[in-house]
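A short worksheet on the structure shown next.
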Amino acid sequence: MPYRATFDCLWCGRPETARDPDDLSGWAQLCPDCLGKAGDNGFLRARLKAALRERAAPLPGTRDEPGTRGDRRTLVEYYEARATEYDDWYLRLGRYERGPVHDTAWNAELDAAGRWLDALPIAGEIVELAAGTGWWSPLLAAKGELSCYDAAGAPLDLARERLMAHGLRAHLHVRDVWLEPDRAVDALFIGFFLSHVPRDELDAFLGIARRWLRPGGTFAFIDSLRDPQSGAANHAPPVDDRAMRRLDDGREFEIVKVLYTPDEARAALGRTGFQAAKVTTTGRFFLLGQATA
């Protein structure tokens, strides 16, 4: 079974919340009391053994390096939990409302990012990695045959609803973004995920992105710039490429958050075999990148 932060105990049915991704309760989906009885019960003992194996196994497509597995699990858990409130960030609602001056600038730059993406030579078979709630998916689905992948299932459910509301279709599947490609496509888009890639893994991830593409294929990404008004009012800016994120219900997650500069992103694209790399900004909030395989 996959790790779950919140669950009903499979044996006694009691609602339970795991402490963190290393908590065996979340892997076994058993409350601590039932885990303590595993020595006397065949079912509980089997679940405990399975949970130990699953917790020790690396995520699909990852290298089991110190910190890597836990960071990636936490990121998936965070986006599963944040799915229903994620679009508040785009829409500047609730905790993300930062006043008329900043919100007007945000909306103008978000529109500019959409126009930039729409103008790119994207067509044919398209893959969107880390598609999330599908904010950009209708635009991409109107350009070709779109496949949306994300390691978290809850955001993809919302992406499906968004596409249906636009009368558009796409292939949506839960898939770890670090997995090697299963085919080569004409275009690849990644929205707001490069900033979750640690600096020492950026080249490896862009190598995966390059292998998704046929020769001459288009790679595009949009991500965040460092601006104190970009996140929620109760979110501190990242420090040492890490950030603490709080949800509306008070839960907190420490995640990797690397705010790459245009020069850093451009140099990484060149190192990983991309051609004609162009990395610009909308001004305050968004990093825009394109390159050719």
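Numbering (the working numbering), first residue to last: 3 to 295. Where a beta carbon is used, it is the ideal one built from N, C-alpha and C, also for glycine.
Original post:
What's the gap between the Cα of residue 188 and the Cα of residue 220?
Top reply: The alpha-carbon atoms of residue 188 and residue 220 are separated by roughly 7 Å.
**OP:** Could you tell me which of 99, 135 and 165 sits nearest to residue 144, measuring between CA atoms?
**Re:** Minimum Cα distance to residue 144 is reached at 165.
Original post:
In the DSSP assignment, what residue or residues form a beta bridge with residue 221?
Top reply: 190 and 293
**OP:** Report buried or exposed for residue 2, applying the criterion of at least 16 other Cβ atoms within 10 angstroms of its Cβ.
**Re:** No information on residue 2 is available, as it lies outside the stretch 3 to 295 that the chain covers here.
Original post:
Is the segment 121-139 touching the segment 171-191, taking contact as three or more C-beta pairs under 8 Å?
Top reply: yes
**OP:** Ignore the nearest five residues each way along the sequence and tell me which others in residue 205's own chain have a CB closer than 8 Å to its CB.
**Re:** 270, 273 and 274
Subject >> Inter-residue Cα distance where the pair is residue 114 and residue 290 >> reply: Those two C-alpha atoms are separated by around 10 Å.
Original post:
From residue 63 to residue 182, what does the alpha carbon distance come to, in whole angstroms?
Top reply: Bear in mind that a pLDDT of 42 at residue 63, under 50, signals an unreliable position, so the number given afterwards is only what the model happens to contain. For residue 63 and residue 182, the distance between alpha carbons rounds to 7 Å.
Original post:
Whose CA, out of 28, 203, 211 and 184, lies closest to the CA of residue 192?
Top reply: 211
Original post:
Taking just the CA atoms, how far does residue 280 sit from residue 15?
Top reply: 54 Å
Subject >> Residues bridged to residue 226 (per DSSP) >> reply: 288
Original post:
According to DSSP, is residue 129 helix, strand or coil?
Top reply: strand
Subject >> Buried or exposed (CB count within 10 angstroms, at least 16 for buried), residue 102 >> reply: Exposed is the call here.
Subject >> Same chain, Cβ closer than 6 Å to residue 79, neighbours up to 5 away in sequence not counted >> reply: 7
**OP:** List in chain order: all unbroken alpha helix (DSSP H) runs of 4+ residues lying wholly within the segment 243-277.
**Re:** 264-273
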